[in-house]
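Quick note on the working numbering: the sequence shown kicks off at 868 and runs consecutively.
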Amino acid sequence: MGIYVVTGAASGMGKASAERLRANGHTVIGVDRSDADVVADLSTPQGRSTAIRQTLELAGGRLDGAVLAAGLGPVAGKEAVIAQVNVRGVIDLLVGWRPALAATGNSKVVVFGSNSTTATPGVPNSAVKAFLAGDLDKGVKRAGRISAAAAPFTYAATKIAVTRWARRIAVTDDWAGSGIRLNIIAPGAISTPLLEAQLAGPQAKRVEGFPVPIGGFGDAEQIAEWVEFMLSRAADFMVGSIVTVDGGTEAYFRSGDWPVAVPLSGVPRYLLQMFRFRS
Ligand code: NAI
């Protein structure tokens, strides 16, 4: 049985994931703003330090896995906090926990992305780049330029940024090379308090009108089953993957966009030689 940390463990998909792991005999350290083993506000550097430190203490310096589910949805007026929680609340914590994840030699990490990363039109790449560079204020400003209703673009840009960050580091010596399997889950519309708040607000029409080929919304327990799978032996050979669970929305918008061949400019020279391209 393993020791797992789950952020956002007090509600929705984080809560369902934590409950499922506990029911299967694992030790779970829940992190959230309240109702958690580690109470910390991930929107502040101090809160993130607390979350890192107290988790490491409770885990005894060894983690079999981490689930980064804490996050804020596209709430108007909260753009700066969304960026703090959705970007720094993932990156800072994972960097802080990395030695404990490496200590077990075979650990698994699941980062909560979103299908908004690939299904939101026109998210400015400059916002994503700013988030990745650590300039959250600039990211929020850039995302806000595109529309008077900035929150959906800020939200999608934060999720694109953490997804790209996670995929980039997943394959490095510090992560895959240290036995850490880091993958991303990209849910679509899932019935949780986050979605319910959107359905009760000014964005209700957009959420309800979004195409979901299979119909309806997903539920938190379904996603928890995927999370458990991504933490299990089944994921030993899985690194940097994005698991989309969204009823078909992403495929509806993007079926023609990938898979796509690697551009020649991105391929190392020795590999090009192996493929024996005509010059
Ligand atoms: P939820 O609102 O039910 O749970 C999110 C949890 O994060 C809450 O317990 C909340 O207290 C915690 N949290 C928020 N801000 C925090 C802070 N400053 N410090 C500490 N904890 C904080 O949301 P849900 O739907 O379960 O979302 C989980 C993840 O999945 C989030 O990252 C969300 O962005 C993502 N997601 C949700 C979708 C949905 O339709 N519900 C769709 C795609 C992604």
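Beta carbons: idealized from backbone N, C-alpha and C, even for Gly. Only a predicted model underlies this, so the values are computations on that prediction, with no experimental measurement involved.
- Here Y871 is bridged, per DSSP, to V895, G932.
- Around the CB of I1081, fewer than 16 other CB atoms lie within 10 Å, so the residue is classed as exposed.
- Apart from sequence neighbours up to five positions away, the residues of its chain that approach G972 with a beta-carbon distance below 6 angstroms are G1046, ordered along the chain.
- Checking the 7 angstroms criterion, the Cβ of F979 is within range of a heavy atom belonging to the ligand NAI.
- Listed in chain order, the non-local C-beta contacts of L925 below 6 angstroms within the same chain comprise I896, local neighbours out to five positions each way being set aside.
- Excluding residues up to 5 positions away in sequence, V1079, P1080, I1081 lie with their Cβ nearer than 7 angstroms to the Cβ of G1115 in the same chain.
- Of all alpha-carbon atoms in G892, Y871, M868, G881, the one lying nearest the alpha-carbon of S1058 is that of G881.
- Burial is judged here by how many other beta carbons sit within 10 angstroms of a residue's own beta carbon; Y1022 has at least 16 and is buried.
- A947 has its Cβ no nearer than 7 angstroms to any heavy atom of the ligand NAI.
- The region 946–954 makes contact with the region 1012–1031; the number of CB pairs closer than 8 angstroms reaches 3 or more.
- Judged by DSSP in its simplified three-state form, T1111 adopts strand.
- When C-alpha distances from L1049 are compared across D1086, V977, F1104, the shortest belongs to V977.
- Non-local beta-carbon contacts of K975 in its own chain, meaning distances under 6 angstroms to residues more than five positions away in sequence, involve G932, R1048, L1098, A1102 in chain order.
- Restricting attention to I870, L939, V905, T1111, the CA atom closest to the CA of G927 is found in I870.
- DSSP lists D1086 as the bridge partner or partners of S1058.
- One thing to note: L923 has its Cβ no nearer than 8 angstroms to the Cβ of V954.
- In the three-state scheme derived from DSSP, where H, G and I count as helix and E and B as strand, K1008 is classed as helix.
- Distances from the alpha-carbon of A967 to those of T874, V905, I919, R1143 put I919 closest.
- Straight-line measurement puts the Cα of W1042 at about 20 angstroms from the Cα of A1053.
- In this structure, DSSP gives F1096 a helical state, which the three-state scheme calls helix.
- For G1107, the closest alpha carbon among the candidates W1093, G940, V906, R1031 is that of R1031.
- Separation of the CB atoms of P1060 and S878 is rounded to 5 angstroms, and the pair is thereby assigned contact status at 8 angstroms.
- The Cβ atoms of T1025 and L960 do not sit closer than 8 angstroms to each other.
- At a threshold of 7 angstroms, S878 counts as near the ligand NAI, since its beta carbon sits closer than that to one of the ligand's heavy atoms.
- A distance of 8 angstroms or more separates the beta carbons of A970 and R1012.
- Beta-bridge analysis with DSSP links S974 to I1047.
- Rounded to the nearest angstrom, the Cβ distance from Q1065 to G940 is 6 angstroms, consistent with a contact under 8 angstroms.
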